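The structure appears below as structure tokens.
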Amino acid sequence: MTSPTKNPAQRRFFWRFAIAMLLYVLLLVPAVWGFVHYHPTGVLAYGLAVLPALPILGMLVVVGLYLAEEKDEFVRNMQIQSLLGGIGGTLAVVSVWGFLENFTQVRHLDLFLVYPLFWVFVGISTVVVRLRYR
Amino acid sequence: MKNRLRVLRAERDWSQADLAQRLEVSRQSVNAIETGKFDPSLPLAFKLARLFEATIEEIFTDEGKA
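Just so you know, the protein sequences line up as chains A and B, in that order. According to this note's numbering, the first sequence holds residues 1 to 134 in order. According to this note's numbering, the second sequence holds residues 1 to 66 in order.
What follows is the structure, encoded as structure tokens:
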């Protein structure tokens with residue numbers, strides 16, 4: 001979601017996203033550490049388990065803010081196409097994988113992998129979209 | 001959509017970057033519009049028209065027209 005010549009909206013996106021990623025690491029470490037050492041139960045376990053997911057939700061909000069703030073309609077259009085490619089690719093893989101899990105012996109796909117998978121597909125579709133408009 | 005942006009730019013000796021700066025968009029946006037790969041919104045089309053002191057029809061060709 002970045003370009004060699006970044007406009008103000010892209011710069012804000014970059015910093016917000018970086019802060020959200022930093023928060024993710026900062027919250028993931030104590031969550032894992034807490035579960036390994038204290039084996040929390042009940043509400044505390046649920047709270048601690050959800051904690052690292054909050055910055056991920058934040059990242060999605062950051063993407064939404066970027067799309068709302070991007071003034072260059074062509075760039076916004078390209079980013080939306082890239083995100084749609086990411087959503088489509090991810091849905092395609094998890095849907096096919098889901099049926100494979102039901103009917104064959106493939107390995108279980110952990111749900112936390114879906115989010116990074118989405119960004120892999122966004123990356124691929126960003127390249128495809130850029131080539132199309134070159 | 002076909003357009004006369006390249007000619008209009010050349011008449012003023014503006015590069016794509018010059019036009020982009022005047023329109024407050026990226027150079028890649030100007031390139032995409034100029035090559036017909038991206039159709040600008042009405043507000044951007046009007047901005048182009050004001051900049052070149054022309055009507056939208058004088059810049060863009062209505063390909064649906066018989």
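Using N, Cα and C, we set each Cβ at its ideal position, and we do this for glycine too. This structure is a prediction, so every number in the text was calculated from the model and none was measured.
Under the Cβ distance rule, B:Phe38 counts among the residues neighbouring chain A, one pair being separated by less than 8 Å. For the region 25 to 59 of chain B, the beta-carbon criterion of a distance under 9 Å to any beta-carbon of chain A is satisfied by Val25, Ser26, Arg27, Gln28, Ser29, Val30, Asn31, Ala32, Ile33, Thr35, Lys37, Phe38, Pro40, Ser41, Pro43, Leu44.
Secondary-structure assignment with DSSP links B:Asn3 through a beta bridge to B:Phe60. Taking a cut-off of 8 Å for Cβ pairs, the region 113 to 126 of chain A and the region 79 to 99 of chain A touch, as three or more such pairs fall below it. The beta-carbon of A:Tyr133 is placed less than 8 Å from the nearest beta-carbon of chain B.
Sorting A:Ala49, A:Leu28, A:Ile80 by C-alpha distance to the C-alpha of A:Val122 places A:Ile80 at the top. Sequence-ordered contacts of the region 53 to 72 of chain A with chain B read Lys71, Asp72 [C-beta pairs closer than 8 Å]. It is roughly 30 Å from the alpha-carbon of B:Leu23 to the alpha-carbon of A:Leu60. In the three-state reduction of the DSSP assignment, A:Asn7 falls in the coil class. Taking all protein chains in view, the Cβ of A:Asn102 is surrounded by fewer than 16 other Cβ atoms within 10 Å, so the residue is classified as exposed. A:Val75 reaches chain B at Val25, Ser26, Gln28, Ser29, counting residues in chain order whose Cβ is nearer than 9 Å. A Cβ-Cβ contact shorter than 8 Å links B:Arg4 with B:Ile59.
A:Trp15 carries a helical assignment under DSSP once its states are collapsed to helix, strand and coil.
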